[in-house]
Amino acid sequence: MPLNLAIIYGSVRTDRQGIKAARFMLNTCHTRGHVATLIDPLLYSLPLLDKMYKEFKPGQAPQSLQQVADLIIPADGYIVVSGEYNHTIPPALSNILDHFLEEYFRKPSAIVCYSAGAFGGVRAAMTLRAMLAELGMSSIPSLFPISHVQDAFQEDGTPVDQRFYQKAREFFEELEWYAYALKQARADPCPRSESSTQSLT
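Take the sequence shown: its letters are residues 138 to 338, numbered as in the numbering used here.
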């Protein structure tokens with residue numbers, strides 16, 4: 138059964154390089170038989186956060202926000218592709234994520250981080266882990282760090298190093314396990330435990 142995955146990318150910089158990593162993730166989703174969409178802040182120009190999606194009455198959200206919501210809400214999981222800006226995530230990525238909350242609940246996320254240097258953006262990933270957990274879409278244990286991202290992919294997302302394919306296979310197998318498990322759990326609500334119904338004495 139295919140999953141519905143949303144790939145959330147966060148850079149709007151001129152000559153951005155991380156978009157190639159996002160395209161690699163998108164291509165891999167399709168190769169593995171999943172439905173996937175890339176949420177690119179240059180294509181869906183959200184304003185700086187004023188009102189969250191849930192704060193608009195049905196049918197009254199701005200068009201760009203509704204377009205993103207239509208991708209976020211049905212997704213079974215999220216792949217978040219982030220560069221590292223001053224040890225944290227890009228502002229455009231934070232802005233996209235912060236427009237939503239309950240729409241993410243009880244779904245897994247997976248972090249792809251990158252940098253122009255040797256560390257692959259892992260310091261931003263640590264910040265992102267805490268944020269994703271707070272949003273209700275905790276990240277899977279594995280990371281997908283990409284060092285020297287400017288040299289790692291062709292423009293269409295094809296990796297220069299073939300080892301990326303094996304690394305991606307392992308990364309996706311982990312994400313898929315969590316996504317399928319949580320999808321099943323959402324379909325079968327967990328009953329409250331007996332102890333939770335008892336008053337504390």
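Even glycine gets a Cβ: it sits at the ideal position worked out from N, Cα and C.
Please read all numbers here as calculations on a predicted model, not as lab measurements.
**Request:** With Thr264 as the anchor, note down where its alpha helix (DSSP H) starts and where it stops.
**Result:** Counted as a single uninterrupted DSSP element, the alpha helix (DSSP H) harbouring Thr264 occupies residues Val259 to Glu271.
**Item:** Burial state of Glu340, where buried means 16 or more other Cβ atoms lie within 10 Å
**Value:** In the structure as shown, the chain begins at 138 and stops at 338. Residue 340 is therefore absent and cannot be evaluated.
**Item:** Extent of the continuous beta strand (DSSP E) run through Ala141
**Value:** The question names Ala, but residue 141 is Asn in the sequence shown. Counting along the chain, the beta strand (DSSP E) containing Asn141 begins and ends at Asn141 to Tyr146.
**Request:** Just the C-alpha distance for Leu202 and Met162, rounded to the nearest angstrom, thanks.
**Result:** 23 Å
**Sub-8 Å separation of Leu82 and His167 beta-carbons** = Residue 82 is absent from the structure shown; the chain starts at 138 and stops at 338.
**Neighbourhood of Phe242 by C-beta distance below 8 Å, restricted to the same chain and skipping five residues each side** = Take Phe242, set aside five residues on each side of it, and the residues of its chain with a beta-carbon closer than 8 Å to its own are Gly273 and Met274, in chain order.
**Backbone CA spacing between Glu239 and Met189 [nearest angstrom]** = As the crow flies, the alpha-carbon of Glu239 is around 11 Å from that of Met189.
**Message:** For Lys157, which residues in the same chain have their Cβ closer than 6 Å to its Cβ, ignoring the five residues on either side in sequence?
**Reply:** Phe290 and Gly294
**Start-to-end residues for the beta strand (DSSP E) that takes in Gly214** = Unbroken beta strand (DSSP E) run through Gly214: Gly214 to Ser219.
**Message:** Taking only three categories from DSSP, how would you classify Val286?
**Reply:** helix
**Asked** With distances taken between CB atoms, is the gap from Ile145 to Val259 smaller than 8 Å?
**Response** no
**Asked** Can you tell me whether DSSP reads Ser330 as helix, strand or coil?
**Response** Because the pLDDT at Ser330 is just 48, under 50, the model does not fix this residue reliably, and the point stays unresolved.
**Asked** Where does Pro296 sit, in a helix, a strand or coil, going by DSSP?
**Response** It is a strand residue.
**Item:** Local conformation of Leu312 per DSSP, three classes
**Value:** Here Leu312 sits in helix by DSSP.
**Message:** I need the boundaries of the beta strand (DSSP E) containing Ser275, first residue and last residue.
**Reply:** No beta strand (DSSP E) contains Ser275, which DSSP labels as neither H nor E.
**Message:** If the criterion is Cβ atoms closer than 8 Å, does the pair Ile283 and Arg266 meet it?
**Reply:** no
**Within 8 Å, strictly: CB atoms of Gly214 and Lys244** = yes
**Message:** Quick check: Asn232 and Leu186, are their CB atoms within less than 8 Å of each other?
**Reply:** yes
**Message:** Helix, strand or coil for Phe161? Go by DSSP, reduced to three states.
**Reply:** helix
**Message:** Tell me which residues share the same chain as Thr225 and place their Cβ nearer than 6 Å to its Cβ, disregarding the 5 neighbours each side in the sequence.
**Reply:** Ala261 and Thr264
**Message:** So, for Pro211: in the same chain, excluding its five sequence neighbours on each side, which residues have a beta-carbon less than 6 Å away from its beta-carbon?
**Reply:** Asn141
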